[in-house]
Amino acid sequence: MVTRGFTGRRPPEATRERLPPGQYLTEDFPVLQLGPTPRIDLDRWRFTLREGSRPLKTWTWAEFEALPRTTWSGDIHCVTKWSKFDTAWEGVSFDDILAAAGIAAPTGFLLAEGYDDYTTNLPVADLAGAKAMVATRYAGAPITPDHGGPARLLVPHLYFWKSAKWVKGLRFTQRDEAGFWELRGYHMYGDPWREQRFTGD
Amino acid sequence: MIEPDARPLAWQRATILAITPVTPRVRSYRLGVAFDRPAHAGQHVDLRLTAPDGYQAQRSYSIASAPDDSGTIELLIEGLSDGEVSVFFEEVAAVGDEIELRGPIGGSFVWVPEDGGPLLLVGGGSGIVPLLAMLRHRAAAAPDVRSLLIYSVREGAEAIAREELLDRARDEPGFDLMLNVTREGGGRRLDAALMAEALDRLGTPRHVYACGSNAFVEAASNLLLDAGLAPGTIRTERFGG
Ligand SMILES: Cc1cc2nc3c(=O)[nH]c(=O)nc-3n(C[C@H](O)[C@H](O)[C@H](O)COP(=O)(O)OP(=O)(O)OC[C@H]3O[C@@H](n4cnc5c(N)ncnc54)[C@H](O)[C@@H]3O)c2cc1C
Chain A
1 MVTRGFTGRR PPEATRERLP PGQYLTEDFP VLQLGPTPRI DLDRWRFTLR EGSRPLKTWT
61 WAEFEALPRT TWSGDIHCVT KWSKFDTAWE GVSFDDILAA AGIAAPTGFL LAEGYDDYTT
121 NLPVADLAGA KAMVATRYAG APITPDHGGP ARLLVPHLYF WKSAKWVKGL RFTQRDEAGF
181 WELRGYHMYG DPWREQRFTG D
Chain B
1 MIEPDARPLA WQRATILAIT PVTPRVRSYR LGVAFDRPAH AGQHVDLRLT APDGYQAQRS
61 YSIASAPDDS GTIELLIEGL SDGEVSVFFE EVAAVGDEIE LRGPIGGSFV WVPEDGGPLL
121 LVGGGSGIVP LLAMLRHRAA AAPDVRSLLI YSVREGAEAI AREELLDRAR DEPGFDLMLN
181 VTREGGGRRL DAALMAEALD RLGTPRHVYA CGSNAFVEAA SNLLLDAGLA PGTIRTERFG
241 G
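Printed below as a string of structure tokens:
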């Protein structure tokens, strides 16, 4: 349906090609979160892999920082419609985390869990093969608390609500269990290029 | 938590029924639209504008009206300099126009009467909009729930629904208002003393909702944590900017 009188402020062609449907480019770094920014003490920070409720492996901050590092640069897309281009992240890839734990993924799905009790569900296939990391640095500096520091998940090919902030662990699940937003009507998978914002999109 | 609805959220047409100025930069848009699912105070809609060549822009706007069966909703849209969608509303949209939207959206920043209180609402600028829906709903459906609104604006003239809020504070026994002006005579930003006064007047809130720009919500929620409130009681909505 054409909106009477709307012409729009089209971004340049090169920008439009990089924008998934319904997104617009921002130069800022907006924030989406459901509550206050949690206060996390690095001395008490832990990152834990679990299968169901059973812990498989836990790292302290110093141990986690000693794992092999990965970098990734590219575009990120938030379900609230902003996209940001050429963001630069550094952290530990999902593959390296599993390798350091000495395990293969025990199931095909997991829930990323945050220190704010946030959860979000992901297929293991969308993390493995250098597709995701637990990031600890953004643009060359430690990630600030409002952007999910000290550590956040980074799964840049999905809407950014999948990149759980203040991540404290990954819990492998037998089936694809809905996380916080997914229980509240957001899409189970969240591919920005297919505009999978809400259930049924 | 409100019941999730597994049905797809379809785009639908809404007609602009009335446009009313509210402040120098904010207008009220009354839209005729029937949702296929219940709405809750605090939710928003997504609007989609389409140009003749198919180019589209989408943005989110909170619903200012309380959930009711009038078949209409109220949006309050602030015109931002250079804003693609808000300036279209400010300069082009007219009564009788059809706008595509879908909703209601949002399952976290929501208050239902069964949630009860005391209720602490903290709004900055246009961040008042979803809080207004909560206050309107509270007055109609749960007037016994005690509530306090801290509403921070740069200048008094920018306060959305100022008369309504002052009237409510005067007429509704369970509602208390703290209007805070940051840039006029003796104005100050939200600070620990102001938060302490609010908590003193209200008591410890069971639910806190903070809404506004990123910077406002970050500052407000940090003050709330400093004041000793439990993180799990505080819900936030960030409009951007
Ligand atoms: C859940 C949700 C609910 C919202 N509810 C409302 C509402 O009830 N009323 C309302 O007026 N807006 C609301 N917003 C903001 C709205 O979605 C748009 O972001 C806003 O109208 C700007 O869009 P635009 O196309 O006019 O500006 P754009 O073209 O996107 O941006 C224009 C300029 O303004 C800046 N900018 C963008 N957004 C903001 C902002 N919010 N504050 C300050 N500067 C900004 C940009 O950085 C840019 O410089 C809400 C946002 C969210 C996520």
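One line per chain: the protein sequences are A and B, in this order.
For the first sequence, UniProt numbering gives the first residue as 1, with consecutive numbering after it.
For the second sequence, UniProt numbering gives the first residue as 1, with consecutive numbering after it.
Just so you know, even glycine gets a beta-carbon here, dropped at the ideal spot from N, CA and C.
Two segments are said to touch when three or more pairs of C-beta atoms, one from each, lie closer than 8 Å; by this definition the region 111 to 128 of chain B touches the region 205 to 221 of chain B.
About 7 Å separates the Cβ atoms of T199(A) and P8(B), confirming a contact at the 8 Å cut-off. In this structure, ligand 1 has no non-hydrogen atom nearer than 7 Å to the beta-carbon of F216(B). Listed along the chain, the chain B residues whose CB falls inside 7 Å of the CB of L183(A) are P4. Contacts between D116(A) and chain B, judged by CB atoms closer than 9 Å, involve P231 and G232 in chain order.
With respect to the C-alpha of W72(A), the residue from A132(A), A128(A) and V31(A) having the closest C-alpha is A132(A). The beta carbon of L19(A) sits no closer than 8 Å to any beta carbon of chain B. Approximately 14 Å separates the beta-carbon atoms of H44(B) and I2(B); this is outside 8 Å, ruling out the contact. Taking C-beta atoms under 8 Å as the contact rule, S65(B) and R136(B) qualify, at a distance of about 7 Å. Annotation: R44(A) has no Cβ neighbours in chain B at a cutoff of 9 Å; minimum Cβ distance is about 15 Å.
Boundaries for W161(A): no alpha helix (DSSP H) harbours it, and the DSSP string shows neither H nor E there.
Put simply, the CB of G35(A) is near chain B, with a gap under 8 Å to one of its CB atoms. Set against 7 Å, the gap from the CB of S213(B) to the closest heavy atom of ligand 1 is smaller. No heavy atom of ligand 1 is found nearer than 7 Å to the CB of R184(A). Measuring C-alpha to C-alpha distances from P156(A) to each of P68(A), L122(A) and T37(A) identifies L122(A) as the nearest. A Cβ-Cβ contact shorter than 8 Å links V31(A) with R238(B). Remark: C-beta atoms of L31(B) and L17(B) approach each other more closely than 8 Å. Using a cutoff of 7 Å, the CB of G240(B) counts as near ligand 1, since one of the ligand's heavy atoms is closer than that. Within the region 97 to 133 of chain A, complete beta strand (DSSP E) segments of at least 3 residues are found at 109 to 114 and 119 to 123, given in chain order. Of all residues in the region 59 to 89 of chain B, those with a C-beta nearer than 7 Å to a C-beta of chain A are R59, S60, E84 and F88, reading in chain order. Here T23(B) is buried, its C-beta having at least 16 other C-beta atoms within 10 Å. Ranked by how close their Cα comes to the Cα of G148(A), the residues A125(A), I40(A) and A130(A) have I40(A) in first place.
When DSSP reads this structure, N180(B) sits in a beta bridge with S152(B).
The beta carbon of P142(A) sits closer than 8 Å to those of T136, G149 and P150, all from its chain and outside the five residues before and after it, given in chain order.
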